[in-house]
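Just below is one structure, and these are the notes that go with it.
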Amino acid sequence: MTENILLNTVDEKLKAKFGDAIISSEQSYDFPVFVIKREKIFDVVKFLKEDSELAFEFLTTLCGLHYPDNKGQELGVMYQLHNLPKNWRIRLKIFFPINDPEVPTLTSLFSSANWQERQEYDFYGIIFKGHPDLKRILNMDEMNYHPMRKEYALEDGTRTDKDDSMFGR
Amino acid sequence: MSEVITKPNIVSAPDGHQQPGFFATSLEKAVGLARKNSIWPLPFATSCCGIEFMALMASHYDLGRFGSERLSFSPRQADLLMVMGTIAKKMGPIVRQVYEQMAEPKWVLSMGACASSGGIFDTYSVLQGIDKIIPVDVYVPGCPPRPEQVIDGIMLIQDMVGKEHFRRRQSPEYKDLMTKYGMENQEK
Amino acid sequence: MKFEADQILKEAGKQFSTLNLGPTHPATHGIFQNVLKMDGEIIVDAEPTVGYIHRAFEKIAERRPFYQVTPLTDRLNYCSSPINNMGWHMTVEKLIKCEIPKRAQYLRVIIMELARITDHLVCNSVIGVDSGAMTGFLYVFQLREHVYEIYEEICGARLTTNIGRIGGMERDFNETAWKKLNLFVEELPKKLEEFEKLLVRNRIFMDRTIGVGKISAERALNYGFTGPNLRATGVDYDVRVMNPYSSYEDFKFIIPVGKSGDVYDRFMVRQQEMWESFSIIKQAIKNMPDGPFHAEVPEFYLPPKEEVYNNMEALIYHFKIVMGESEVPKGEVYHCVEGGNGELGFYLISDGGRCAYRLHFRRPCFIYYQAYPEIIKGAMLSDAILTLSAMNVIAGELDA
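Chains as they are written, first to last, in the numbering used here: chain A, 307 to 475; chain B, 5 to 192; chain C, 15 to 414.
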C-alpha cells in the first residue's frame, strides 16, 4: 500500500535524524501521523521542508487540540504538510501541558502559519514563541478567556432573555 | 405572454380633494407618499443574506421598482438601514455607529434570522439580535429569506413610512425608545 | 503591528495619511477592515483586521451530531454551499468507511459543478462591478436564478442548500429538475459568451486589471494559496485531479492556469473554469449511471418516512439516528474538496460519541487573505479594491 510506504519512508528518515524526538508513528486512515516532541517541532518541519527527497513545502493546515483528560499533555497542535509534486501528505502532532503552552513558531518557514497560529492562540491560548504579532484574530481583543477549551460553554453565559427551564438544559 | 401591458402600475394619489387646477391633501400624506416611494437603503450586508440581497437588487426581483434604485453606502444619505446577516459582538459597535450617523427620519429592517435574533448561532461571539443595540422597525425572518419575503418586509416599511405622523420623532414614546437604547442625546 | 512605514516616515520626513477601509465598505464584499497607510494615492502599508463575523463554527460543531453540522458548512462559503455540504458528507463517509454508489457520486458532481459555476459567476461579475461595469452583474445573476431553481427542485432551498445526506443524496433528481438542468445546459454557453464579450477584451477592463495585484508562485505557495488564486500564478494544483473524490477521475477536464497571478489572470482562470465545469456537467448528464442514489448505511442515512411508518427496522434506525445511538468509529480523518476558492479541508476527530470531538475547517479564504497586505503594498487604492474582489474573499469562510 502506498500509504504505508510513505509512512515507512518518512519514519526512517526522521528516526535517523532525530532519534527519540519522534514519539510515535502510525497510519490513520490515509495519513501517516507522527507525534513529535514539542521542542523539536521546528527542526523536524525544517528538515521535512528542506530535504530533497521529502520536500514537504506546503503547509496545508494547523490546528489546536485539547484533551483535558490527558494530564500533563492536555493541549496539542496538529500540522499537516503536503508535497505537491509527489502528492504526499503527512500529519504531525505535538502535545504539551496546559500550564506551559509554549510552542516554537513556524512563521519563518511558512508565511501561511502566521494567521493560523494566531487563530490557535485565540482559541486555545497556545503561545507561539517567536511569532511576529501574536494577538487575537477572530474574537474580540477584550476577551479574557480562550473559548475553544473544553471547559467553556458554547453559549453566552450572560444572556438574560433565554429561559432554559423550558428546554431541559 | 399574450397580453400586452399598456398602462404601467403607478402609485395612486392619497385621499384628497381634487378640482381642475389643484389637488388638496394633508401635508403628511403628500410627504409620506414621496418618502415611501423613494427609500434609499443602506445595505449593511455581512453574510449569506447579503447574497440574497444581491439577488434582490438584480433584475429578476428588482428592488429598484420600489424606488430603492440608488443604494447609499454613506449613512448620512440613507433612509433605511437594512442589516443583513450575522452581527457578531465585534461588529456591534459598528452597527450602532452607522445607525447613529444616519439622519432622521430613519428606519431599520433586520433581514434574516441572524440579524433578528442570532439565528442558528447561539454562541458566545454572536449578538443575539440587533434589537439589543438599535431599534428595529421590521424583522424579516428566514435563513436566508427569499427575495419575495424581503420585498414583503420592504412593503411593510413603505406602509410605515407613508403613514408616519410628522411629530412622531419628537413624541415622548419615541424619546423613551431612544433612551432605552442609550441614544437620547442625538442632535438631529 | 508596527508599520514599517513609520521607519520610512522618519527617514524621508514625509507624513503619511491613514485611511480606514471598512469594515462596512461598498467594495469589500464581506466585512473585514484594512487600516491603510497612504502616501497620497499609493498604499505604503496595510493592517487587516478580521473576525467581524466570527460565529464559532468549530465550537458549535462539537455540540452537534454529524448530520446537524451540514447547515453549518453551508454558511462557510455561502456562494457555493453545495460544495461545502458534499465535502462534509464525504469526510464523515470516510470516517465510517462507507462506499457511495456511482449514481450518487455523479449526481453530487453535477451539483458541485453547478455550485462552482455560481461561485465564479458572482466573483467575476463583482470584479466587473468594482471596475465600474455594472451590466455584467445583472446579466449573470439571471443565470444564478436558474441555478437556484435547480437547487430548489432538489433540496428546497436557494442559497444555503443543506443538500445531500451522509451516504448519498436525499432524493433523486425528479423530472422537473432534469428539465431545468437541460435548459440551463442549453442556455449557459450563450449567456457566458455574452458576459465574456463585455469584459474579456475590453480595453478599459484590461488596463485596470493587467499587472494589478501580482503575486509570484513561490510566495503564493509559501502563503498556502490554493484554488484559482494559485492557478493564476501558474501552479496547476487542483484537488479534483490530485486527490480525486466522488468519481472525478471519470471526467475529462483541463486545469486552466495563468502566468503572472494578477487580477486579469484570476478573472480568466475563473472564466475558463466555468467552461470546464460546464463540460463536466454535460459529461455527467450523458454518462449518468443507473442505480441507487444512496448507500446502505442505515445507521446514518435517515430512512424514508413511508418506511418509518410501516417497517419496524426503519423505525428503530430512525430513532437511533435522531437520538444519537449510532455507532461511530473512533479516529481522525481529513478530507479536502476543491471549493470555489481552493482546498476546503475538514479535519474531524471522532471519539465515538454522536458529536465530533474536534472539527477543524481548513478555510482557503482565511489562509490566502494573509497575503493581501503584501500584494497591495505599493499599489494604488483603486487597485487594492480590485485585488480584493479578484481574490474572492468571502467573509463567512474567512471568519467561520
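Yeah, the Cβ is synthetic: ideal placement off N, Cα and C, and Gly gets one too.
> Taking the beta strand (DSSP E) that C:THR32 falls in, what are its first and last residues?
Replying inline: Position 18 of the third sequence, counted from the first residue, corresponds to residue 32 of chain C. From DSSP, the beta strand (DSSP E) with C:THR32 extends over 31 to 35.
>> Less than 7 Å between C-beta atoms, sequence neighbours within five positions excluded: which residues of the same chain meet that for C:ASP304?
In response: One-based indexing of the third sequence puts residue 304 of chain C at position 290. Only ARG117 meet the Cβ criterion.
> From C:PHE219 to C:LYS228, what distance separates their C-alpha atoms?
Replying inline: Sequence index remark: in the third sequence, residue 219 of chain C carries index 205 (1-based). Sequence index remark: in the third sequence, residue 228 of chain C carries index 214 (1-based). Roughly 16 Å separates the two Cα atoms.
> C:LEU109: beta carbon under 6 Å from a heavy atom of the ligand FMN?
Replying inline: Because no ligand of any kind appears in the structure shown, any question about the ligand FMN cannot be addressed here.
> When the Cα atoms are used, what is the spatial distance from C:ALA171 to A:ILE347?
Replying inline: What you label residue 171 of chain C is simply residue 157 of the third sequence in a count that begins at 1. What you label residue 347 of chain A is simply residue 41 of the first sequence in a count that begins at 1. Going from the Cα of C:ALA171 to the Cα of A:ILE347 covers about 46 Å.
>> Restricting to Cα atoms, I'd like to know which of B:GLY68, B:GLU168, B:ALA92, B:MET61 is closest to B:ARG150.
In response: Here residue 150 of chain B corresponds to residue number 146 of the second sequence, with the count starting at 1. The shortest Cα separation from B:ARG150 among B:GLY68, B:GLU168, B:ALA92, B:MET61 belongs to B:MET61.
> At what residues does the beta strand (DSSP E) containing B:CYS147 begin and finish?
Replying inline: If you number the second sequence from 1, residue 147 of chain B lands on position 143. Note, B:CYS147: premise wrong, no beta strand (DSSP E); not H, not E.
>> Any beta carbon from chain A within less than 7 Å of B:LYS94's own beta carbon?
In response: Stepping through the second sequence from its first residue, residue 94 of chain B is reached at position 90. Yes, B:LYS94 lies at the interface with chain A (some Cβ there is under 7 Å from its Cβ).
> So does the region 103 to 114 of chain C actually touch the region 280 to 298 of chain C, counting three or more Cβ pairs closer than 8 Å?
Replying inline: no
> Where does A:THR367 sit, in a helix, a strand or coil, going by DSSP?
Replying inline: For the purposes of this step, residue 367 of chain A is taken as the residue at position 61 of the first sequence. The answer is strand: DSSP assigns A:THR367 an E or B state.
> Can you list, in chain order, the residues of its chain whose CB lies under 7 Å from that of A:ARG465, leaving out five sequence neighbours each side?
Replying inline: Your numbering for residue 465 of chain A matches position 159 in the first sequence. Around A:ARG465: no qualifying Cβ.
>> For C:TYR278 and A:GLU461, what's the separation of their Cα atoms in angstroms?
In response: As a first step, residue 278 of chain C must be located in the third sequence, where it is residue number 264. As a first step, residue 461 of chain A must be located in the first sequence, where it is residue number 155. Using only the alpha carbons, I get a separation of about 44 Å.
>> Using the three-state DSSP reduction, which class does C:GLY182 fall into: helix, strand or coil?
In response: Translated into the one-based positions of the third sequence, residue 182 of chain C becomes position 168. Strand at C:GLY182.
>> List, in chain order, every chain B residue whose beta-carbon is nearer than 7 Å to that of A:ASN445.
In response: Against the first sequence, residue 445 of chain A aligns to sequence position 139. Per Cβ cutoff of 7 Å: SER129.
> Taking a cut of 7 Å between CB atoms, which residues from the region 130 to 157 of chain B lie near chain A?
Replying inline: GLN132
> Buried or exposed: C:GLY275, going by 16 or more other Cβ atoms within 10 Å of its Cβ?
Replying inline: Translated into the one-based positions of the third sequence, residue 275 of chain C becomes position 261. So C:GLY275 counts as buried.
> Among A:ALA459, A:GLY378, A:MET384, A:TYR430, which has the Cα closest to the Cα of A:PHE402?
Replying inline: Residue 402 of chain A sits at position 96 when you count from the first residue of the first sequence. With distances taken between Cα atoms, A:PHE402 lies closest to A:GLY378.
>> According to DSSP, B:VAL130 sits in a beta bridge with which residue or residues?
In response: Mapped onto the second sequence, residue 130 of chain B falls at position 126. The partner list for B:VAL130 (beta bridge, DSSP) reads B:ALA92.
> For B:VAL102, which option in B:ALA59, B:ILE158, B:ILE137 has the closest C-alpha, if you only look at C-alpha atoms?
Replying inline: Within the second sequence, residue 102 of chain B is the residue found at index 98, counting from 1. Per the Cα distances, B:ILE137.
> Where DSSP assigns a beta bridge to C:ARG372, which residues make up the other side?
Replying inline: Here residue 372 of chain C refers to the residue found at position 358 of the third sequence. In the DSSP output, where bridge partners are listed per residue, C:ARG372 has C:ILE363.
> Do you know offhand how far C:SER396's Cα is from C:GLY225's?
Replying inline: Taking the first residue of the third sequence as position 1, residue 396 of chain C is located at position 382. Taking the first residue of the third sequence as position 1, residue 225 of chain C is located at position 211. Cα to Cα, the separation comes out at about 13 Å.
>> Between the alpha carbons of C:TYR382 and C:PHE46, how many angstroms are there, rounded?
In response: Walking along the third sequence from the start, residue 382 of chain C turns up at place 368. Walking along the third sequence from the start, residue 46 of chain C turns up at place 32. Whole-angstrom Cα-Cα distance: 14 Å.
> Straight-line CA distance for A:ASP326 to A:GLU345?
Replying inline: The sequence position of residue 326 of chain A within the first sequence is 20, counting from 1. The sequence position of residue 345 of chain A within the first sequence is 39, counting from 1. Approximately 12 Å, taken between the alpha carbons.
> Alpha carbon to alpha carbon, how far is B:ASN41 from B:PHE70?
Replying inline: Here the question's residue 41 of chain B lines up with position 37 in the second sequence. Here the question's residue 70 of chain B lines up with position 66 in the second sequence. Taking the straight line joining both Cα atoms gives about 6 Å.
>> At the level of alpha carbons, what is the spacing between B:LYS192 and B:VAL112?
In response: Numbered from its first residue, the second sequence carries residue 192 of chain B at position 188. Numbered from its first residue, the second sequence carries residue 112 of chain B at position 108. With a pLDDT of 48 at B:LYS192, under the threshold of 50, the predicted position of this residue should be treated as unreliable, though the coordinate-derived value follows. Going from the Cα of B:LYS192 to the Cα of B:VAL112 covers about 17 Å.
>> Can you tell me whether A:ALA459 is helix, strand or coil according to DSSP?
In response: On the first sequence, residue 459 of chain A is found 153 positions in, with the first residue counted as 1. Of the three classes helix, strand and coil, the one that applies to A:ALA459 here is coil, per DSSP.
>> So, with DSSP's three-state summary, where would you put A:ARG397?
In response: Here residue 397 of chain A corresponds to residue number 91 of the first sequence, with the count starting at 1. Strand, per DSSP.
> C:ALA75 by DSSP, collapsed to three states: which one?
Replying inline: Your numbering for residue 75 of chain C matches position 61 in the third sequence. C:ALA75 falls in the helix class under three-state DSSP.
>> Pull the bridge partners of B:TRP44 from the DSSP assignment, please.
In response: As a first step, residue 44 of chain B must be located in the second sequence, where it is residue number 40. BP columns for B:TRP44 are empty, so no partner.
> With a cut-off of 7 Å, does the C-beta of A:PRO410 fall near any C-beta of chain B?
Replying inline: Sequence index remark: in the first sequence, residue 410 of chain A carries index 104 (1-based). Answer no: the Cβ-Cβ gap between A:PRO410 and chain B never drops below 7 Å.
> Run through DSSP, which three-state label would A:LEU412 get?
Replying inline: To locate residue 412 of chain A, count along the first sequence from 1; it is residue 106. Three-state result, A:LEU412: coil.
> At a Cβ threshold of 7 Å, is C:MET15 touching chain B?
Replying inline: Working through the third sequence from its first residue, we reach residue 15 of chain C at position 1. The predicted position of C:MET15 is uncertain, since its pLDDT is 43 and thus under 50; a value taken from the coordinates is nonetheless stated next. No, its Cβ sits nowhere closer than 7 Å to a Cβ of chain B.
> A:PHE364 touches chain C at which residues, Cβ-Cβ below 8 Å?
Replying inline: For the purposes of this step, residue 364 of chain A is taken as the residue at position 58 of the first sequence. Those are LEU235, GLY238, listed as they occur along chain C.
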